[in-house]
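Undergrad:
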Amino acid sequence: MPRVLVVDDEPQLVRALTINLRARKYRVDSAHDGATALQLAAAGHPDVVILDLGLPDIDGIDVIKGLRGWTRVPIIVLSARHTSDEKVDALDAGADDYVTKPFGMDELLARLRAAVRRATPADEEDVVVETETLSVDLAAKRVRRDGSDIRLTPTEWHVLEVLVRNSGRLVTQRQLLRDVWGPTYETETNYLRVYMAQLRRKLEQDPAHPRHLITEAGMGYRFER
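Numbering (UniProt numbering) for the sequence shown: 1 to 225.
(1) Would residue 47 and residue 73 qualify as a contact pair, given that the criterion is a beta-carbon distance under 8 Å?
(2) Helix, strand or coil for residue 92 per DSSP?
(3) Would residue 16 be called buried (16 or more neighbouring beta carbons within 10 Å of its own) or exposed?
(4) Are the CB atoms of residue 94 and residue 68 within a distance shorter than 8 Å?
(5) Rounded to the nearest angstrom, what separates residue 105 and residue 57 at their Cα positions?
(6) Which residues in the same chain as residue 54 place their Cβ atom closer than 8 Å to its Cβ, once the five residues preceding and following it in sequence are excluded?
(7) Taking only three categories from DSSP, how would you classify residue 127?
(8) Along the chain, where does the beta strand (DSSP E) that runs through residue 291 open and close?
(9) From residue 3 to residue 151, what does the alpha carbon distance come to, in whole angstroms?
(10) Which residue from 145, 182 and 167 puts its Cα closest to that of residue 201?
(11) Quick one: residues in its chain with C-beta nearer than 8 Å to the C-beta of residue 103, no 5 flanking neighbours on either side, listed in chain order?
(12) Name the DSSP beta bridge partners of residue 250, please?
(13) Enumerate in chain order the residues of its own chain whose CB-to-CB distance from residue 99 is below 6 Å, with the five nearest sequence positions on each side excluded.
(14) Checking 8 Å against the spacing of the C-beta atoms, do residue 169 and residue 222 come in under that value?
(15) Which residues share a DSSP beta bridge with residue 172?
(16) Considering residue 193, what are the terminal residues of the alpha helix (DSSP H) in which it resides?
(17) Alpha carbon to alpha carbon, what distance is there between residue 185 and residue 11?
(18) Which residue marks the beginning of the beta strand (DSSP E) containing residue 27, and which one marks its end?
(19) Look up residue 213 in the DSSP assignment and say whether it is helix, strand or coil.
(20) Is it the case that the Cβ atoms of residue 195 and residue 224 are separated by a distance below 8 Å?
(21) Please report how far the alpha carbon of residue 218 lies from the alpha carbon of residue 89, in whole angstroms.
(22) Between which two residues does the beta strand (DSSP E) containing residue 155 stretch?
Structure, rendered in structure tokens:
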């Protein structure tokens, strides 16, 4: 029974989420402010955190940063803030997913299930990621397409590795630039366009219509199996 920490200052929403989650065999803790959320997370070690950004005491971005100081627990932001900049800020701070209010319960539950799957130890040990046409061996640093080895440059491999290790999740442009090239390159988005184009030519069957290396316009990229 995965444990979910719900953090929101709307009591009716918290009750609705708690009822729905418990009906689906999740254990649920709840907090109405950021300080309580951080205390409950430290004490209970939840498997997933569902977090509103508009909290009465601490901004949700700071709660994300506080959690990321010691845990990699999946964080799903549930917020009325809907601009791209606000979404990017939350994802850059360490959130794994972002759902905008108002939301559909079925969609949120699907994202929750995906977060739980990604957080399981089996996934952490899964060093070979496979699609219908690709095989990416993270331990061996080896890529095969349709059964043939594909040669990547060190930088191409590093970009691919970051995306594959976050399979299914949006990786922001800033995060990818920081992880691959370092913090002084966070605005050099032209680097990403060049290397993503190279990777698509090597790995996608139709580079103009990629199936695996997906662009989220103005935000970043994700690897889809």
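Here a beta-carbon is modelled for each residue, glycine too, at the ideal position from N, C-alpha and C.
Every value quoted in this text rests on a predicted model; they were computed, and no experiment measured them.
TA: With the structure as the only source:
(1) Residue mapping note: residue 47 aligns to position 47 of the sequence shown, counting from 1. Residue mapping note: residue 73 aligns to position 73 of the sequence shown, counting from 1. A contact, by the Cβ cut-off of 8 Å.
(2) To locate residue 92, count along the sequence shown from 1; it is residue 92. Residue state, collapsed to three classes: helix.
(3) Looking up residue 16 in the sequence shown gives position 16. The residue is exposed, with fewer than 16 neighbouring Cβ atoms inside 10 Å.
(4) For this step, residue 68 is matched to residue 68 along the sequence shown. For this step, residue 94 is matched to residue 94 along the sequence shown. Yes, the pair counts as a contact, with Cβ atoms nearer than the cut-off.
(5) Here residue 105 refers to the residue found at position 105 of the sequence shown. Here residue 57 refers to the residue found at position 57 of the sequence shown. About 27 Å.
(6) Numbered from its first residue, the sequence shown carries residue 54 at position 54. The beta carbon of residue 54 lies closer than 8 Å to those of 9, 60, 79, 80 and 81 in the same chain, with the five residues before and after it left out.
(7) Taking the sequence shown and counting its residues from 1, one reaches residue 127 at position 127. Residue state, collapsed to three classes: coil.
(8) With the chain covering only 1 through 225, there is no way to say anything about residue 291.
(9) What you label residue 3 is simply residue 3 of the sequence shown in a count that begins at 1. What you label residue 151 is simply residue 151 of the sequence shown in a count that begins at 1. Using only the alpha carbons, I get a separation of about 42 Å.
(10) In the sequence shown, the residue the question calls residue 201 occupies position 201. Considering only alpha carbons, the answer is 145.
(11) Counted from its first residue, the sequence shown places residue 103 at position 103. The answer, listed in chain order, is 78.
(12) Only positions 1 to 225 of the chain appear in this structure, which leaves residue 250 out of reach.
(13) Sequence index remark: in the sequence shown, residue 99 carries index 99 (1-based). Correct list, in chain order: 78 and 108.
(14) Within the sequence shown, the letter at position 169 stands for residue 169. Within the sequence shown, the letter at position 222 stands for residue 222. Between residue 169 and residue 222, the C-beta spacing is below 8 Å.
(15) As a first step, residue 172 is located in the sequence shown; it is residue number 172 there, counting from the start. Residue 172 is bridged by DSSP to 220.
(16) For the purposes of this step, residue 193 is identified with residue 193 of the sequence shown, where counting begins at 1. From DSSP, the alpha helix (DSSP H) with residue 193 extends over 189 to 203.
(17) Residue mapping note: residue 11 aligns to position 11 of the sequence shown, counting from 1. Residue mapping note: residue 185 aligns to position 185 of the sequence shown, counting from 1. Rounded to whole angstroms, residue 11 to residue 185 spans 42 Å at the Cα level.
(18) Along the sequence shown, one-based indexing puts residue 27 at 27. Residues 27 to 31.
(19) In the sequence shown, the residue the question calls residue 213 occupies position 213. DSSP places residue 213 in the strand class (E or B) of the three-state scheme.
(20) Sequence index remark: in the sequence shown, residue 195 carries index 195 (1-based). Sequence index remark: in the sequence shown, residue 224 carries index 224 (1-based). Cβ atoms of residue 195 and residue 224: not closer than 8 Å.
(21) Indexing the sequence shown from 1 puts residue 218 at position 218. Indexing the sequence shown from 1 puts residue 89 at position 89. Roughly 13 Å between the two C-alpha positions.
(22) Along the sequence shown, read from residue 1 onward, the residue named residue 155 stands at position 155. Where residue 155 is concerned, there is no enclosing beta strand (DSSP E), although the alpha helix (DSSP H) around it starts and stops at 154 to 165.
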